[in-house]
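Q: Counting from 1, one number per residue, gives the positions in the sequence shown under full-length UniProt numbering. Using N, Cα and C, we set each Cβ at its ideal position, and we do this for glycine too. What follows is a single structure, and I will ask about it in a moment.
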Amino acid sequence: MGITISRRVASITAAAAVSGLVLAGCASDEGSDTENTAEGTSSSMMTTSSASETSAMESDPAGMLVGAGCADYAEANPEGPGSVEGMAMEPVATAASNNPMLTTLTSAISGGVNPEVDLVDTLNNGEYTVFAPVDDAFAQIDEATMQALQTDADMLTSILTYHVVEGQATPDQVAGEHTTLNGAQLEVTGSGDELMVNGAGVVCGGVQTENATVYLVDEVLMPEE
1 MGITISRRVA SITAAAAVSG LVLAGCASDE GSDTENTAEG TSSSMMTTSS ASETSAMESD
61 PAGMLVGAGC ADYAEANPEG PGSVEGMAME PVATAASNNP MLTTLTSAIS GGVNPEVDLV
121 DTLNNGEYTV FAPVDDAFAQ IDEATMQALQ TDADMLTSIL TYHVVEGQAT PDQVAGEHTT
181 LNGAQLEVTG SGDELMVNGA GVVCGGVQTE NATVYLVDEV LMPEE
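Shown next, in the form of structure tokens:
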């Protein structure tokens with residue numbers, strides 16, 4: 001009788017132990033599932049937030065504009081390929097060709113000034129920040145230098161690539177020193193409508209294109225020799 005009871009107690013104890021292990025395993029699995037669900041939700045929220053910011057930028061290309069000349073430009077070019085919205089739909093070299101303030105720059109990067117210098121494919125393929133001198137900026141360069149650029153491909157290439165930085169920098173990110181495609185440094189100072197690039201004023205900045213952020217500047221930037 002005593003032996004039977006002992007065996008029964010042992011059996012019950014063993015069963016309880018097994019049940020405890022099973023329950024513990026279930027609790028562990030539930031905790032793991034909960035953690036995985038939380039991680040998945042967090043990742044989803046981050047992805048959604050990033051996508052929302054990108055979508056907002058794309059839906060309102062004028063939302064980040066800075067510079068005293070932006071309003072006048074938008075008023076003069078309210079629609080079409082040269083408008084702020086139109087430029088956002090094209091890669092940067094193509095977008096620049098549609099901008100009525102960048103005709104000289106467009107000519108310079110596409111072989112119009114010097115047939116040996118054509119940067120269109122380079123600029124249209126990649127992510128860049130471009131400091132684009134307006135036509136009035138090129139008009140300030142003396143005639144002798146402009147004539148030299150027509151025959152000196154290295155000089156023209158050096159000047160043009162000095163206006164381009166890899167990666168896109170929005171107006172609230174652009175201040176600081178940057179290494180240009182030329183290899184030399186340029187410096188952006190100030191903020192908002194007071195941005196300056198090596199001392200040149202920003203006419204209108206934060207202009208979006210398909211692959212670049214553009215800052216129209218009122219001087220041609222010259223790299224140090």
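1) Which stretch, first to last residue, makes up the alpha helix (DSSP H) that contains Y162?
2) With a floor of 4 residues, list each alpha helix (DSSP H) that falls wholly inside the UniProt domain "FAS1" (89-221), ordered by position along the chain.
3) How about V220 and I159: are their beta carbons less than 8 angstroms apart?
4) In its own chain, which residues sit with a C-beta less than 7 angstroms from the C-beta of S107, not counting the 5 before and 5 after it?
5) Mind checking who V66 pairs with in its DSSP beta bridge?
6) Mark G201 as exposed unless 16 or more other C-beta atoms lie within 10 angstroms of its C-beta, in which case mark it buried.
7) Per the contact definition of three or more C-beta pairs closer than 8 angstroms, is the stretch 137-150 in contact with the stretch 182-199?
8) Report buried or exposed for N99, applying the criterion of at least 16 other Cβ atoms within 10 angstroms of its Cβ.
9) On a CA-only basis, which of N211, Y128, V117 is nearest D154? Give me that one, please.
10) Have a look at G176 and T213 and give me their C-alpha separation to the nearest angstrom.
11) Less than 6 angstroms between C-beta atoms, sequence neighbours within five positions excluded: which residues of the same chain meet that for P61?
12) Looking at the unbroken alpha helix (DSSP H) that takes in E85, where does it start and where does it end?
13) Considering only C-alpha positions, which residue in the set T129, V92, L102, S110 is nearest to T157?
14) Here's the rule I'm using: 16 or more other beta-carbon atoms within 10 Å means buried, otherwise exposed. How should G205 be labelled?
15) Quick check on D72: does DSSP put it in helix, strand or coil?
16) Can you list, in chain order, the residues of its chain whose CB lies under 6 angstroms from that of G167, leaving out five sequence neighbours each side?
17) Relative to the C-alpha of V217, which candidate in M64, P223, V203 has its C-alpha closest?
18) Would you call G183 buried or exposed, if buried means 16 or more other Cβ atoms sit within 10 Å of its Cβ?
19) So, using beta-carbon positions, are H163 and F138 closer together than 8 angstroms?
20) Compare the Cα-Cα distances from E187 to each of I141, T129, E143 and report the closest residue.
21) Measuring only the C-alpha atoms, how far is C70 from A95?
22) According to the neighbour-count rule (16 or more other Cβ atoms, all chains shown, within 10 Å of its Cβ), is G80 buried or exposed?
23) Please state whether DSSP places P61 in a helix, a strand or coil.
A: Working from what's here:
1) On the sequence shown, position 162 is the one that residue 162 refers to. Neither: Y162 is in no alpha helix (DSSP H) and is coded neither H nor E.
2) 92-97, 103-109, 120-124, 135-138, 143-149, 153-161
3) Working through the sequence shown from its first residue, we reach residue 220 at position 220. Working through the sequence shown from its first residue, we reach residue 159 at position 159. Their beta carbons are under 8 angstroms apart, which means V220 touches I159 by this criterion.
4) The count along the sequence shown starts at 1 and reaches residue 107 at position 107. These residues qualify, in order along the chain: V113.
5) Numbered from its first residue, the sequence shown carries residue 66 at position 66. The partner list for V66 (beta bridge, DSSP) reads G205.
6) Here residue 201 is taken as the residue at index 201 of the sequence shown, counted from 1. Buried, since its Cβ has 16 or more Cβ neighbours within 10 Å.
7) no
8) Position 99 of the sequence shown holds residue 99. Buried is the call here.
9) The residue labelled residue 154 in the question sits at position 154 within the sequence shown. Closest by alpha carbon: V117.
10) For the purposes of this step, residue 176 is taken as the residue at position 176 of the sequence shown. For the purposes of this step, residue 213 is taken as the residue at position 213 of the sequence shown. Their backbone Cα atoms lie some 16 angstroms apart in a straight line.
11) By one-based count along the sequence shown, residue 61 stands at place 61. These residues qualify, in order along the chain: V84, E85, A88, Q208.
12) What you label residue 85 is simply residue 85 of the sequence shown in a count that begins at 1. Element bounds for E85: 84-87.
13) Counted from its first residue, the sequence shown places residue 157 at position 157. Closest option to T157, Cα to Cα, is S110.
14) Taking the sequence shown and counting its residues from 1, one reaches residue 205 at position 205. The residue in question, G205, is buried, as its Cβ has 16 or more Cβ neighbours within 10 Å.
15) As a working mapping, residue 72 is identified with position 72 in the sequence shown. Helix at D72.
16) The residue labelled residue 167 in the question sits at position 167 within the sequence shown. E127.
17) Taking the first residue of the sequence shown as position 1, residue 217 is located at position 217. Here the closest residue by C-alpha is V203.
18) Against the sequence shown, residue 183 aligns to sequence position 183. Exposed is the call here.
19) Locating residue 163 in the sequence shown gives position 163, counting from the first residue. Locating residue 138 in the sequence shown gives position 138, counting from the first residue. Contact flag unset, no.
20) Counting from 1 along the sequence shown, the entry for residue 187 is found at position 187. Checking every option, the nearest Cα to that of E187 belongs to T129.
21) Start at 1 with the first residue of the sequence shown, and residue 70 comes out as number 70. Start at 1 with the first residue of the sequence shown, and residue 95 comes out as number 95. Taking the straight line from one Cα to the other gives about 16 angstroms.
22) In the sequence shown, residue 80 corresponds to position 80, counting from 1. Exposed, since its Cβ has fewer than 16 Cβ neighbours within 10 Å.
23) On the sequence shown, residue 61 is found 61 positions in, with the first residue counted as 1. Helix.
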